[in-house]
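What follows is a short report on a single structure.
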Amino acid sequence: MTATPTTPATPTNPTALDAIRRIWGFDTLRPLQAEAINAALDRRDALVVLPTGGGKSLCYQVPPLVTDELTVVISPLIALMEDQVDGLRLTGYPAVALHSACTPAEQDDAYAALNTGSARLLFVSPERLLSDGFTDWLAELPNPSGPPGVRRFAIDEAHCISAWGHDFRPEYRQLATLRDRFPDACIHAFTATATERVREDITSQLGMRDPAILVGTFDRPNLIYRVVPRVDRDTQIAEVIARHTDGATIVYCISRKDTEAVADMLRDENINARPYHAGLTPERRRKVQEDFSREKLDVVVATVAFGMGIDRSNVRCVLHAALPKSIEAYQQETGRAGRDGLEAECVLLYSSADAIRWSRLFTMSAEESGSPPEVLQAQLDLLEGIQRLASGMTCRHKALSEHFDQPYPLPDCNACDVCLGENAAAPDATVIAQKIISCVARAIQHSGFGFGASHIVDVLRGSRTAKILDRGHDQLSTYNLLRDIPKPTITSYINQLIDQDLLTRDPGKFATLALSPASRDVLTGARQVTLLQPKHPVERAPVAEEVTLSTDELDLFDSLRTLRRQLAEERGVPPYIIFSDDTLRELAAVRPASESTMATVKGVGTQKLEAFSDAFITHIAAWCAEHDLATDARPGTRQARRERASTPRTISPKKRKSFELFDRGESVEAVAVTQGLQPRTITTHLAEWIASRKPESIAPWIDQPTYDRVAAAAGQVGTDFLKPVFEHLEGSISYEQIHIVVAHLRTQA
Ligand code: ADP
Ligand code: ZN
């Protein structure tokens with residue numbers, strides 16, 4: 000099985016492109032979206048591996064519109080299905096969902112839409128799909144474009160089928176029966192995390208036939224990764240969150256207890272934070288998820304249980320208070336940041352003690368569940384991978400890419416702690432290491448057994464704890480040797496020494512420290528040691544292609560977010576499905592005063608324009624009047640792209656000059672004089688300019704009565720040719736003027 004290399008988006012089916020423009024307001028496709036859509040249209044099985052935020056949903060949403068038939072989407076989480084269906088309905092897309100949380104009325108509506116063949120997407124949970132008789136019923140469904148039944152399945156979060164993955168779900172295993180049950184259907188699997196082994200598992204479990212394997216680039220250039228030694232957890236967490244008061248942050252912890260403690264601590268700091276974990280009641284969990292996705296809550300402190308159902312696209316920061324359990328989990332959890340493509344920060348507070356905690360948890364749960372030893376071993380291997388990444392000093396973008404077997408092309412990502420040079424080496428690291436190591440050795444020698452890190456730190460700092468006095472450790476020669484270094488920093492140094500195999504820690508309950516074979520080299524001075532001190536983040540140049548906003552525009556952006564939240568609340572949907580932050584930023588820069596300008600903004604499709612243009616245009620006009628800011632400041636990126644596309648590359652310099660003058664609203668006569676050309680020639684330039692720029696009005700060149708008369712005549716004889724219009728008007732209006740009006744009428748068609 001070979002991976003198809005990443006290629007730039009290629010043109011796909013025209014109906015598909017048209018639907019993407021009209022419904023979603025996107026003019027270009029992201030990498031591999033075209034290939035994935037084409038595979039579905041060719042009825043070829045496919046495995047699509049794209050990073051979170053890569054745009055997987057579009058790949059299964061578009062094909063049913065082109066072929067006019069149903070696609071069944073299998074998705075593991077109800078909250079996610081509900082949001083997607085709400086979001087699609089806002090764009091006018093016929094989508095339904097069937098799951099255990101549907102009301103009877105919703106269920107009836109869904110069945111009605113399916114039985115009449117009007118739905119194009121059906122979201123179901125795997126349990127529902129495999130429940131009694133459901134597939135029999137699916138096999139009989141009317142299908143407007145062919146024989147009854149379902150001819151396309153899309154399986155979201157497909158890695159859940161593999162025990163080698165990090166999120167195995169036994170109910171996914173049974174999807175293996177789909178191939179037999181629907182031999183003529185094509186199967187499309189989607190996932191954000193898949194190593195070669197998981198990929199092979201997915202395609203073989205699902206019985207895929209000659210699948211297209213589409214593997215995207217895993218790197219997320221808009222994410223800034225920072226791995227910081229954990230020295231003082233609470234202070235560090237509060238500092239990071241303070242950098243992101245304008246957006247949402249998810250904090251991940253290992254245990255429920257930690258989430259509660261961190262959330263309490265943040266609330267003491269006046270930050271509205273809520274814990275989220277599997278031990279809460281379902282109502283409580285639903286409330287947190289809902290408040291978060293509806294932007295009423297900006298900080299959630301969660302165990303890994305939080306996330307898959309959360310689709311808020313403007314999460315600006317993901318903070319790991321402790322080591323995640325694998326690189327895959329890290330990739331997926333950090334992947335929730337910056338799904339809108341705008342810059343976001345991912346901070347991992349690392350201590351090697353976390354790895355011990357995880358391995359104990361894995362071992363305990365393996366004992367409880369009686370799972371085979373291979374599963375435990377796979378977990379421990381994955382854990383070692385993330386530990387290596389976190390303790391290593393390789394560019395984080397590079398390390399992540401390479402973990403997913405992708406070479407990273409840049410020598411310096413400009414977006415991670417390593418490349419930004421944020422890791423300050425502690426001065427005298429070798430001497431500090433020698434003091435720590437000899438303290439461990441002396442304590443063992445003195446008492447005849449080992450001690451944990453916390454006791455060693457106390458000895459080094461010269462504390463007078465009962466344990467120290469009882470054991471006589473105040474008599475050790477290493478007592479009080481590091482009194483000037485704060486306790487958390489020494490703890491972090493000990494963890495770093497363990498990562499470098501210069502000390503060992505017993506994995507047992509007491510986590511006692513001992514010397515490793517390499518410790519001696521440090522003590523004799525044969526080996527130099529590097530230790531890192533946590534340092535503050537460095538300012539950096541932006542990584543993402545964002546519209547840069549002025550201070551005023553940023554204020555407008557904030558007020559547009561408030562407007563969006565109100566509109567969302569009225570409709571009972573999460574804000575991001577109205578418009579993404581990306582679209583709001585562009586709206587703040589463009590400040591449309593009319594629907595036609597608003598339509599040039601990325602993410603504004605026909606249906607959303609109709610639904611929201613009034614609210615946004617009115618709000619922007621009022622805001623701009625109050626703040627003395629121009630509206631219609633510039634065209635949106637869709638317009639700019641359209642201009643680039645429709646302006647022929649070989650356009651003559653003369654014509655280009657005319658275009659510039661028309662952009663400023665100059666008259667045909669004036670342009671003719673400037674350019675030294677005949678007005679008739681300049682008229683053809685104007686007609687071409689109108690065709691490419693599609694201005695809303697051509698008032699500078701044609702008066703309204705003339706425009707109306709030509710439009711009326713064209714209404715009778717059509718706009719294909721100028722002569723019939725000229726004749727219909729019996730020569731009362733010049734050819735030139737007719738040419739200009741007709742050019743404009745054609746853009747309105
Ligand atoms: P995934 O499921 O891969 O995590 P989504 O399908 O949720 O990603 O898409 C992430 C975001 O990217 C969404 O806000 C979506 O609207 C946007 N998006 C998807 N395709 C495009 C595109 N071709 N152009 C611009 N934005 C896109
Ligand atoms: Zn880097």
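For the record, in the sequence shown the residue sitting at position 113 is 112 according to numbering that gives the first Met the number 0, with numbers rising by one throughout.
Glycine included, C-beta positions come from ideal geometry on N, C-alpha and C.
R311 and P573 closer than 8 Å at C-beta: yes
Sequence-distant residues of its chain with Cβ nearer than 6 Å to V813 (five each side left out): Absent from the structure is residue 813, since the part of the chain shown begins at 0 and ends at 748.
D155 versus V230 - alpha carbon distance: 39 Å
Residue nearest to L608 in terms of C-alpha spacing, selected from K601, D107, E594 and I201: E594
Supposed contact pair W622 and S558 - C-beta distance, whole angstroms, cut 8 Å: Yes, they are in contact, since the Cβ atoms of S558 and W622 sit about 6 Å apart, within 8 Å.
Cβ-heavy atom distance, R395 to ligand 2, below 7 Å: yes
3 or more residues per run - each beta strand (DSSP E) lying fully within the stretch 209-233: 211-214 and 222-228
Exposed unless 16 or more other CB atoms sit within 10 angstroms - verdict on T682: buried
Coil, strand or helix - I270 by DSSP: coil
Candidates L128, P147, Q173 and A104: closest to N114 by CA position: P147
Through-space distance from A320 to I236, alpha-carbon basis: 7 Å
For R648, the three-state DSSP class (helix, strand or coil): In this prediction, R648 has a pLDDT of 42, which is less than 50 and means its spatial position is unreliable; what the coordinates show is noted afterwards. Look at R648 here: in three-state DSSP terms it is coil, with no helix or strand label.
contact_flag[the stretch 9-23, the stretch 166-178] where n(CB pairs < 8 Å) is 3 or more: no
Residue from Y492, E289 and V439 whose Cα sits closest to the Cα of D82: Cα-wise, what sits closest to D82 is E289.
Residues that C185 bridges to, as DSSP identifies them: Bridge partners of C185: R151.
The stretch 415-433 contacting the stretch 516-525, beta-carbon criterion three pairs below 8 Å: yes
S312: CB within 7 Å of a non-hydrogen atom of ligand 1: yes
Through-space distance from E659 to E687, alpha-carbon basis: So the two alpha carbons sit approximately 12 Å from each other.
Selected residue, minimal CA-CA separation from T477, among S368, Q638, D505 and A442: A442
beta-carbon F611 near ligand 1 non-hydrogen atom, thresh 7 Å: Answer for F611: no, Cβ out of range of ligand 1.
V48 beta carbon less than 8 Å from that of L213: yes
Cα-Cα separation between V346 and T490, rounded to whole angstroms: 19 Å
Where E366 falls, given that 16 or more other Cβ within 10 Å makes a residue buried: exposed
Contact test: V417 Cβ vs ligand 2 heavy atom, cutoff 7 Å: yes
Alpha helix (DSSP H) segments (min. 4 residues) lying fully within the stretch 342-418: 352-368, 372-390 and 395-402
Cβ-Cβ separation, A191 to G334 (assumed contact under 8 Å), whole Å: In this structure G334 touches A191 by the C-beta definition: roughly 6 Å separates them, less than 8 Å.
Alpha-carbon spacing of T393 relative to Q173, whole angstroms: 40 Å
Spatial distance of V740 from G730 (CA atoms): Here the alpha carbons of G730 and V740 stand approximately 15 Å from one another.
Own chain, CB closer than 6 Å to R225, minus 5 neighbours either side, in chain order: Correct list, in chain order: V346 and D416.
Ligand 2 heavy atom lying under 7 Å from the CB of C345: no
Closer than 7 Å: A414 CB and nearest ligand 2 heavy atom: yes
For V250, the three-state DSSP class (helix, strand or coil): Residue state for V250 is assigned as strand, using DSSP reduced to three classes.
Start and end residues, alpha helix (DSSP H) containing A45: That residue, A45, is in no alpha helix (DSSP H); its beta strand (DSSP E) goes A45 to V48.
Local conformation of R504 per DSSP, three classes: DSSP places R504 in strand when its eight states are reduced to three.
Residues near L752 by beta carbon distance below 8 Å, same chain, minus five either side: With the chain covering 0 to 748 only, the question about residue 752 has no answer from this structure.
Short Cβ contact (8 Å threshold) for V298 with T248: yes
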